[in-house]
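Residue numbers (this note's numbering): 25 to 744. Only one structure is covered here, and it is reproduced in the block below.
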């Protein structure tokens, strides 16, 4: 069928329809493309936002982000600085990183990593130390496997790491504190701010006699410290407290304790709590009570001491109540202390204290003033009662015999008495005046009681003046040394004794019985002894120049004799004057043995080896002991006049002396009797075989010039 030509209008219409369809399709495609682009764009925007959120979270938690890629076994690490936009990214070889791990943590990391890489265990969490610029730092890493291959091996792992060094240190510190808390010997507690117990240690349980922590936890601290409520209320203002109180145990026992409380704040938990330390101070309280006792009482005897006496006398004086005060000083106590030691001296003082308590009335205030001095205050106006008690004390002390080496020593005392208000209107005056009276009693001889009288202090001042004058006399060598001969039974002089004399421009002729004890009491006896030795050497040298050879004895005090090197000093003086030490007789008394027996033996041995003659003076008086004759070898024994007195009138005295002389003769000692002033003694002494005498009957002490004038005219009998 033939095709008829198309209508041009129809073609145009068809073309328009096609164009419209294509345009619509294109618009639809463009719309779809726009929507996809927008979605893609929005997704990209969302991803960037998530990335920023992730980085913000990591920065805020101070963690680093890491990725592990199996292809090259490397780590990509992204870390953040102080500012969150300061991002640092680095890539590290796994082997290189592993070399930085602390060797003690290596096995744990390898085990965790192996589980994640070679199995289906996806999560990783390890804590380890890694080498940093300044030592090791602690790290905690967490990771997760995000992709595995067909064999199940991990290909891609991501995770985070955080520096936990400070946290580890805090935990270690906490563990140490917890260990210290638990093992502390001091009772400790953790409390809430309202003082409820939340934790205790074993020491607190032991202190309170509880068995388990549950017995005390969740209880108020005031259950155990009922008296501390007021102090605890001050803690919020002060922040810490320390106070003493009483703790009540579960058995109801009261224990003195020292409580220390401090408030702490936990940063992690933002909470406050209290730490309490409770210390048992029972021993401290006992010591404090003991110290208070010691403050007013003597530790050795249990008597009151100076402080206790002063307080008691102050009460009596302030209330104007009369009393008498006895000041007691033991005679010869130093000798006991020196010979037998301080233990024996202490036993002696304890015995004296017991005697005092038995003699004086219960109302008496008995005090150990110090050393060997005791003070007794007797309330009331009866001074004579105080005197009578003091006299009874002296008699009782004489009955207290103490075994001292081989001797029995009896005690004595010098007692001074002063009364309030008669002898003073203050405690100080009464004590001072009683002391002055005691000193006066002591100078009068052993075992004396002296009541204070006005003017006594002035008399003591004279003693001070005398001492000053004596020091001057020694310094200027103003002392004189007289000579008194020693004689045989036929009247021939066999030697002489050097005797010190002192004429003072202020006091006139002063008796040796006055200034020698004064010198010994103030340490001047060694200087006098040295002057005496030097004078003896000078006299012997001058006599030898006159053709006379006279042995000369010199009294040396125990203090000087015990000084190291004394024998060398004495020998040097002899050499300086070209005098034989055999012409020098060193006279000593038994007091040297009382002071120090071992050193006495040393000193005497040195003198004997140097060639000096040794004599024991005043034998039969003082602390005589036969053991000295057995232990020490003397050349001459000088029997004291006290053994000779009354032998012409008393058969007992004669028998005693006869026995002593026979004993000394049997020991082959040369015996000399001193103090002979009565011719009636001579026949009796000669019958005993005594052939050496000294005393006023034969010759009085005289200056050297008179002595040499008298004896140069007569021959001398010097025994070899």
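Every residue gets a Cβ at the ideal spot worked out from N, C-alpha and C, and that includes glycine.
Close CB contacts of residue 210 within its chain, under the 8 Å cut and outside five residues either way in sequence, are with 227, 301, 302 and 303 (chain order).
Per DSSP, residue 129 is not a residue of any beta strand (DSSP E), being assigned neither H nor E.
In this model, residue 164 and residue 219 are separated by some 38 Å (Cα to Cα).
If you draw a straight line from the Cα of residue 595 to the Cα of residue 608, it is about 10 Å long. Look at residue 729 here: in three-state DSSP terms it is helix. Under DSSP, residue 442 forms a beta bridge with 349. When DSSP states are grouped into helix, strand and coil, residue 574 belongs to the coil group.
Of the residues 471, 734, 421 and 407, the one whose Cα lies closest to the Cα of residue 442 is 407. Under the three-state reduction of DSSP, residue 334 is assigned to helix. Rounded to whole angstroms, residue 168 and residue 212 show a C-alpha spacing of 46 Å. By the Cβ neighbour-count rule, residue 508 is buried, with 16 or more other Cβ atoms within 10 Å of its own. Contact between residue 237 and residue 280 does not hold, since their C-beta atoms are separated by about 24 Å, which reaches or exceeds 8 Å. With a 10 Å radius around the Cβ and a threshold of 16 neighbouring Cβ atoms, residue 246 comes out exposed. In the DSSP assignment, residue 381 falls within the unbroken alpha helix (DSSP H) covering 366-383.
Per the C-alpha coordinates, the member of 250, 189, 257 and 497 positioned closest to residue 531 is 497. When secondary structure is reduced to three states using DSSP, residue 591 falls in the helix class. Relative to the Cα of residue 235, the nearest Cα in the group 248, 373, 274 and 580 belongs to 274. Per DSSP, the unbroken alpha helix (DSSP H) holding residue 555 starts and ends at 549-569.
Following the DSSP letters along the chain, one finds residue 516 in no beta strand (DSSP E), marked with neither H nor E. Contact check for residue 725 against residue 506 passes: the beta carbons are separated by less than 8 Å.
Taken atom to atom, the span from the alpha-carbon of residue 311 to that of residue 284 is near 21 Å. For the alpha helix (DSSP H) assignment, the uninterrupted runs of no fewer than 4 residues enclosed by the stretch 644-715 are, from N- to C-terminal side, 650-655, 665-668, 675-690 and 705-711. Per DSSP, reduced to three states, the secondary structure at residue 539 is helical.
Taken atom to atom, the span from the alpha-carbon of residue 453 to that of residue 361 is near 31 Å.
When the Cα atoms are used, residue 492 and residue 460 turn out to be separated by approximately 19 Å.
Residue pairing by DSSP places residue 208 in no beta bridge whatsoever. If you draw a straight line from the Cα of residue 601 to the Cα of residue 583, it is about 25 Å long. In this structure, the straight-line span from the alpha carbon of residue 265 to that of residue 313 is close to 25 Å. With fewer than 16 other CB atoms across the displayed protein chains lying within 10 angstroms of its CB, residue 593 is exposed. Here residue 410 has 348, 350, 402 and 441 as same chain residues with Cβ atoms under 6 Å from its own Cβ, once five neighbours each way along the sequence are excluded. Residue 729 sits exposed, since fewer than 16 C-beta atoms from the chains shown fall within 10 Å of its C-beta. Cβ contact annotation for residue 678 (same chain, cutoff 7 Å, sequence separation greater than five): 671 and 708, in chain order. Check the Cα spacing between residue 437 and each of 610, 489 and 466: the tightest is with 466.
In the DSSP assignment, residue 260 falls within the alpha helix (DSSP H) that extends over 259-262.
Fewer than three beta-carbon pairs drawn from the stretch 663-670 and the stretch 631-640 are found closer than 8 Å, and the two stretches are therefore not classed as touching.
Distance check between residue 390 and each of 400, 382, 396 and 383 places 400 closest, using alpha-carbon atoms only.
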